[in-house]
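Numbering (the working numbering), first residue to last: 39 to 636.
To start, the structure itself, in structure tokens.
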Ligand SMILES: [Zn+2]
């Protein structure tokens with residue numbers, strides 16, 4: 039790290055504390071003499087550190103240290119040396135280092151996004167505007183490859199290569215097949231963030247057989263499992279499923295179970311975008327007296343975890359449509375019951391009422407199975423219209439809740455950012471006709487939407503307080519970054535923790551740092567303690583705020599003051615230094631290596 043990256047003018051910390059200044063050589067002698075005392079309880083209280091070699095260092099002083107464990111913060115000092123945290127102490131650390139005065143500020147571990155899709159974006163050259171907003175909100179690590187949309191691990195020389203990258207990621211230049219090749223590419227190109235990555239069941243399946251909805255043959259099943267296994271052996275943290283998206287929604291329960299068994303045998307984690315997130319879904323039979331469909335979908339995956347013993351991350355617990363909102367206590371009770379039974383299940387959430395998706399997500403499986411033919415089949419269109427209007431009535435999510443954020447067809451460019459009902463009005467057509475027109479011309483997978491009405495404040499409060507819920511963004515930049523979560527998710531969590539007073543600041547920080555690192559077994563991340571990677575976010579608890587609103591997504595937050603990634607400063611005075619490529623691939627540690635964590 040270059041010293042000029044540090045916000046404050048370099049000063050000698052020992053001087054400023056009134057202590058006698060000590061040379062590096064003398065420090066080394068002292069440190070050697072004290073080395074027998076160096077390892078002990080936490081926080082460390084000794085005043086000297088080993089400072090002999092020439093690795094760059096930075097001292098964060100007079101900070102409120104919030105270490106990722108959820109324990110109360112304390113006033114203290116944190117020394118970064120090279121890419122590591124060298125020391126965390128309640129007492130002044132005496133060393134000749136550039137320092138950053140953090141008086142009145144919180145020093146926390148760099149935030150970890152528990153559910154990201156940035157694996158597709160990180161390799162894009164010249165597209166920093168899609169990446170840097172995440173640094174501006176304090177995020178240093180992405181857990182990516184979610185919802186079945188993984189970026190690598192494909193069949194070599196796939197004939198379906200073009201289908202792997204739907205318009206969802208229009209600029210993706212895939213210069214790799216395997217996970218190892220992908221990691222090598224990223225390391226060579228430089229990374230703005232750390233990345234821990236899932237292998238995506240959906241995209242790997244596409245690389246084998248395109249969008250064929252039929253069940254896998256025995257040979258295909260073997261190949262799918264072999265590809266997923268290879269990806270995990272090459273450093274994927276687990277496998278993600280996207281059961282609401284093609285081709286994940288074509289997977290049989292047997293296929294899902296076989297994948298879960300494989301993940302369990304590798305001692306990794308299965309992240310699942312469930313089959314339904316609303317009270318009623320076309321994927322389950324209509325039964326007015328039966329359980330809500332989102333609960334069925336959740337229980338279906340808990341059942342898989344029960345049967346296989348796999349660790350389950352039930353992704354982005356959300357409640358699409360006002361009629362679904364009331365089901366959240368049942369879903370949390372189902373997770374509680376599973377945990378009480380010994381099943382390892384957790385979930386994650388963002389603090390917004392809207393979430394990314396694709397236009398096709400509201401089409402039932404039977405319609406998507408025969409595309410594009412169904413667009414020109416009047417009977418299918420009629421049936422679809424009836425089903426969607428019935429569903430929207432019963433679910434409480436309709437055309438005014440669908441905001442088109444990005445289209446692949448130029449005719450619809452002027453409507454980007456508008457809600458479907460408003461576009462219909464402008465075009466003088468019905469909302470359904472407009473929906474079909476956009477889906478057909480722009481592609482139901484290639485048209486990006488923000489679906490609103492995914493939750494309400496009561497649900498956000500409940501999920502923030504829920505012990506088995508981690509914090510994330512689920513942001514999915516396309517050609518543009520049209521999602522408030524890309525800019526403000528973590529600041530908004532902190533803002534809500536402060537203003538709504540539902541959880542402590544320490545607990546909020548834990549859910550975006552230590553708890554997430556534990557969950558995905560991210561080695562050396564998520565905590566402020568000696569030897570951990572120096573991912574550090576400095577924020578002002580009094581002023582931290584998300585500044586986005588429903589139509590202005592690209593507003594940077596307030597109160598995120600400095601960010602260090604692997605010891606390099608990537609944000610100072612609230613401004614991102616886009617020149618620094620400090621990110622690394624984060625590999626999972628095995629359970630036996632996890633060690634004792636709080
Ligand atoms: Zn998802």
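All residues carry an ideal CB built from backbone N, CA and C; glycine is no exception.
All of these numbers come straight from a predicted model, not from anything done at the bench.
Just to check, is the beta-carbon of residue i closer than 6 Å to a non-hydrogen atom of ligand 1?
| i | result |
| --- | --- |
| residue 185 | yes |
| residue 311 | yes |
With a threshold of 16 other CB atoms inside 10 Å of the CB of residue i, please say whether the residue is buried or exposed.
| i | result |
| --- | --- |
| residue 619 | exposed |
| residue 194 | exposed |
| residue 513 | buried |
| residue 361 | buried |
| residue 621 | buried |
| residue 246 | buried |
| residue 314 | buried |
| residue 588 | exposed |
| residue 573 | buried |
| residue 406 | buried |
| residue 595 | buried |
| residue 217 | buried |
| residue 132 | buried |
| residue 511 | buried |
| residue 617 | exposed |
| residue 63 | Unreliable placement is indicated for residue 63, whose pLDDT of 39 sits below 50; no coordinate value is reported for it. |
| residue 230 | buried |
| residue 429 | buried |
| residue 351 | buried |
What residue range is occupied by the uninterrupted alpha helix (DSSP H) comprising residue i?
| i | result |
| --- | --- |
| residue 447 | Segment: none, residue 447 is in no alpha helix (DSSP H) and carries neither H nor E. |
| residue 536 | 523–537 |
| residue 95 | Note, residue 95: premise wrong, no alpha helix (DSSP H); beta strand (DSSP E) at 95–103. |
| residue 199 | 199–202 |
| residue 369 | 366–378 |
| residue 220 | 217–227 |
| residue 363 | 360–363 |
Starting from the Cα of residue i, find the closest Cα among the options and give me that residue.
| i | options | result |
| --- | --- | --- |
| residue 308 | 287, 277, 326, 247 | 277 |
| residue 531 | 503, 516, 520 | 503 |
| residue 402 | 414, 423, 386 | 423 |
| residue 295 | 333, 316, 348, 120 | 348 |
| residue 563 | 493, 499, 623 | 623 |
| residue 215 | 227, 506, 199, 527 | 199 |
| residue 368 | 329, 346, 566 | 329 |
| residue 191 | 141, 463, 271 | 271 |
| residue 576 | 94, 135, 506, 101 | 101 |
| residue 251 | 274, 293, 238, 237 | 293 |
| residue 497 | 331, 283, 370 | 370 |
| residue 586 | 602, 384, 540, 519 | 519 |
| residue 394 | 433, 185, 176 | 185 |
| residue 610 | 135, 126, 139 | 139 |
| residue 374 | 98, 188, 501 | 501 |
| residue 515 | 257, 171, 320 | 171 |
| residue 345 | 331, 302, 334 | 302 |
| residue 135 | 118, 147, 123, 144 | 118 |
| residue 392 | 414, 355, 384 | 355 |
Looking at the strands, I want to know which residues DSSP matches up with residue i.
| i | result |
| --- | --- |
| residue 325 | Per DSSP, none; premise fails for residue 325. |
| residue 606 | 603 |
| residue 235 | 182 |
| residue 125 | 117 |
| residue 613 | 610 |
| residue 150 | 179 |
| residue 139 | 99 |
| residue 618 | According to DSSP, which records beta bridges pairwise, residue 618 is partnered with nothing at all. |
| residue 626 | 560 |
For the beta strand (DSSP E) that residue i lies in, which residues bound it at each end?
| i | result |
| --- | --- |
| residue 331 | No beta strand (DSSP E) holds residue 331; the alpha helix (DSSP H) holding it covers 331–346. |
| residue 569 | Per DSSP, residue 569 belongs to no beta strand (DSSP E) and is neither H nor E. |
| residue 410 | Element bounds for residue 410: n/a, residue is neither H nor E. |
| residue 584 | Taken as a continuous stretch (DSSP letters only), residue 584 belongs to no beta strand (DSSP E), as it is neither H nor E. |
| residue 386 | 383–387 |
| residue 489 | 486–489 |
Using a beta-carbon distance below 7 Å, is residue i in contact with chain C?
| i | result |
| --- | --- |
| residue 247 | Of the protein chains in the structure, only one exists, and it is not chain C. |
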